[in-house]
Amino acid sequence: MATTANGGSGRVNPQHAGPHPDDPSLPAPDPLHTLLSRCCYGIRQAEWDRARAIDYSNWLTEQVNAPASMDAEVDMAVSLIWPRVGMSAAQLQADAISNSNSQLAAGDLRAASLYRQLFGKRQLFETLVEFWGDHFNIATTASPESYYKCVDDREVIRGHALGNFRDMLHASARSLAILYYLDNVSNRSTGPNENYARELMELHTLGVAGGYTETDVAEVARCFT
Numbered sequence: 218m219a220t221t222a223n224g225g226s227g228r229v230n231p232q233h234a235g236p237h238p239d240d241p242s243l244p245a246p247d248p249l250h251t252l253l254s255r256c257c258y259g260i261r262q263a264e265w266d267r268a269r270a271i272d273y274s275n276w277l278t279e280q281v282n283a284p285a286s287m288d289a290e291v292d293m294a295v296s297l298i299w300p301r302v303g304m305s306a307a308q309l310q311a312d313a314i315s316n317s318n319s320q321l322a323a324g325d326l327r328a329a330s331l332y333r334q335l336f337g338k339r340q341l342f343e344t345l346v347e348f349w350g351d352h353f354n355i356a357t358t359a360s361p362e363s364y365y366k367c368v369d370d371r372e373v374i375r376g377h378a379l380g381n382f383r384d385m386l387h388a389s390a391r392s393l394a395i396l397y398y399l400d401n402v403s404n405r406s407t408g409p410n411e412n413y414a415r416e417l418m419e420l421h422t423l424g425v426a427g428g429y430t431e432t433d434v435a436e437v438a439r440c441f442t
């Protein structure tokens, strides 16, 4: 059995355990701090001071309605340091071929995303970009989705992160990265591929126990041939 730094067996000594989260003697959590903790990538002192000055609802409203111009300097830096993030699908394909490397764009996108999260003022927006990027997940280990993901991130995820889910779903269904990643590019009436149809219902919309049948999956796949 492993020992702890204090020489114990690895079990927590009840005498040294912290208070239970429901302990009534603990102070109530600050709703504003909870909000910023969930909507920001770390709470900067300046952000905290501003949120306290304008209060909970006004800070949230400001973040929801924040114009893209609020992060103009961050966007400029991203375009200069990681230009692939702003390339078209055709440019990304040509870049991958000319460099004999299909992973350059994916690496740039990861770096640019982290930069935006660290320095962007639209913290709620960046949090939602990560959330929706996880929801409409696209692995970048294979090509061409590895470089088409840049377009997906820009036009599908960022384009609809604070918008209408139906619009985002429609945009995702037309995404080149999704078409390749979930095999809908090979979905033909003479040889249906049900992968995208199944993921559309199971992961993107209805859920695992969403009430659909195998017949529904086949019919949705047929719609997307």
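My numbering applies: residue 218 is where the sequence shown begins, and numbers increase by one. Each residue gets a CB set at the ideal place from its N, CA and C atoms; glycine is no exception.
{"query": "Same chain only: Cβ atoms within 7 angstroms of residue 425, ignoring 5 sequence neighbours per side", "result": "419"}
{"query": "Beta-carbon proximity check, residue 322 vs residue 367, cutoff 8 angstroms", "result": "yes"}
{"query": "Beta-carbon proximity check, residue 379 vs residue 326, cutoff 8 angstroms", "result": "no"}
{"query": "Terminal residues of the alpha helix (DSSP H) in which residue 293 lies", "result": "289-298"}
{"query": "For residue 405, the three-state DSSP class (helix, strand or coil)", "result": "strand"}
{"query": "Nonlocal neighbours in the same chain, by C-beta distance under 7 angstroms from residue 391, ignoring five residues either side", "result": "none"}
{"query": "Inter-residue CB distance, residue 288 and residue 338 (contact presumed, cutoff 8 angstroms)", "result": "6 angstroms"}
{"query": "Sub-8 angstroms separation of residue 376 and residue 394 beta-carbons", "result": "no"}
{"query": "Touch test, the region 270-287 against the region 296-311, Cβ-Cβ under 8 angstroms, three pairs minimum", "result": "no"}
{"query": "C-alpha distance - residue 313 paired with residue 363, whole-angstrom precision", "result": "10 angstroms"}
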